[in-house]
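Enquirer: Following this message is one structure expressed as structure tokens.
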Amino acid sequence: VTMLKTGLLKEEEEDQAGSIHNLPLVTSQRPFYDGPIPTPRQKPFQSGSTPLHLTHRFMVWNSIGIIRCYNDEHDNAIDVEFHDTSIHHATHLSNALNYTVADLSHEAILLACESTDELASKLHCLHFSSWDSSKEWIVDMPQNEDIEAICLGQGWAAAATSALLLRLFTIGGVQKEVFSLPGPVVSMAGHGEQLFIIYHR
């Protein structure tokens, strides 16, 4: 009886080994790609700025002046300096809203911040060439819409958002145009009445 059992067990093991060898090879269901890795899409940036991760950085440096941002354990502030001090005196601003992008012109300082769980994304303009007392305005963006790039020109301010929209304001804070962008914004530049927009296709 013991010999019969041993013989049967050997036959079963041989059958199992043979069936394993006869199984078809299983290939991966996912397609395999070994070509070049696509380049990541360029994130939006402000012309004349340095990277966001720096604790002391330039938010903008152009022909009008310099906007510096300080964000460390001692201070969270923004300093604005003008190359020609006859345009305006140097300015020190609190950065309680954590502004990340800025622009500077002969007429104004423009700042913007991203949204948080509690606050909407904001566009903040300090219009220092105003003839009346209305020298400062702030506009909140709609929910789930973040400002990604901003720009100043002669008499206007522009903000490109994550909703693929460009919002155009007068320098006094009145929104006069909203139009759709063909793709996500990369950067913007302005001169006089002209606005140049770079975007992804």
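With UniProt numbering applied, the sequence shown corresponds to residues 1 to 201, in that order.
Backbone N, C-alpha and C define an ideal beta-carbon position, used for all residues, glycine too.
In this text, all values refer to a predicted model and were calculated from it rather than measured experimentally.
Counting only C-beta atoms, is C113 closer than 9 Å to chain B at any point?
Expert: Absent from the structure: chain B. Only one protein chain is present.
Enquirer: Can you tell me where the beta strand (DSSP E) with R201 in it begins and where it stops?
Expert: Taking the first residue of the sequence shown as 1, we reach residue 201 at position 201. Looking at the DSSP string, R201 is not in any beta strand (DSSP E), and its letter there is neither H nor E.
Enquirer: Mind checking L54: buried by the 16 CB within 10 Å criterion, or exposed?
Expert: For the purposes of this step, residue 54 is taken as the residue at position 54 of the sequence shown. Counting Cβ neighbours within 10 Å, L54 comes out exposed, since fewer than 16 surround it.
Enquirer: How about I78 and L104: do their beta carbons lie closer than 9 Å?
Expert: Taking the first residue of the sequence shown as position 1, residue 78 is located at position 78. Taking the first residue of the sequence shown as position 1, residue 104 is located at position 104. Cβ distance not < 9 Å, so I78 and L104 don't count as in contact.
Enquirer: For V174, which of helix, strand or coil comes out of DSSP?
Expert: By one-based count along the sequence shown, residue 174 stands at place 174. If DSSP states are grouped into helix, strand and coil, V174 belongs with coil.
Enquirer: Kindly list the residues whose CB is nearer than 8 Å to the CB of N76, restricted to its own chain and excluding five residues on each side of it in sequence; keep chain order.
Expert: Mapped onto the sequence shown, residue 76 falls at position 76. Within the same chain, N76 has close Cβ partners Y70, S94, N95, A96, N98.
Enquirer: Exposed or buried, which one is E148 when buried takes at least 16 other CB atoms within 10 Å?
Expert: As a position in the sequence shown, residue 148 is number 148, starting the count at 1. With 16 or more other Cβ atoms within 10 Å, it is buried.
Enquirer: Can you grab the Cα-Cα spacing for the pair A90 / S47, in whole Å?
Expert: Counting from one through the sequence shown, the residue named residue 90 turns up at place 90. Counting from one through the sequence shown, the residue named residue 47 turns up at place 47. Spanning the two alpha carbons is a distance of roughly 21 Å.
Enquirer: Is the Cβ-Cβ distance between L152 and A112 less than 9 Å?
Expert: In the sequence shown, the residue the question calls residue 152 occupies position 152. In the sequence shown, the residue the question calls residue 112 occupies position 112. Cβ distance not < 9 Å, so L152 and A112 don't count as in contact.
Enquirer: Tell me the DSSP secondary structure of M59 in three-state form.
Expert: Looking up residue 59 in the sequence shown gives position 59. M59: strand per DSSP, three-state reduction.
Enquirer: Between the beta-carbon of L123 and the beta-carbon of I150, is there less than 9 Å?
Expert: Counting from one through the sequence shown, the residue named residue 123 turns up at place 123. Counting from one through the sequence shown, the residue named residue 150 turns up at place 150. Yes. Within cutoff.
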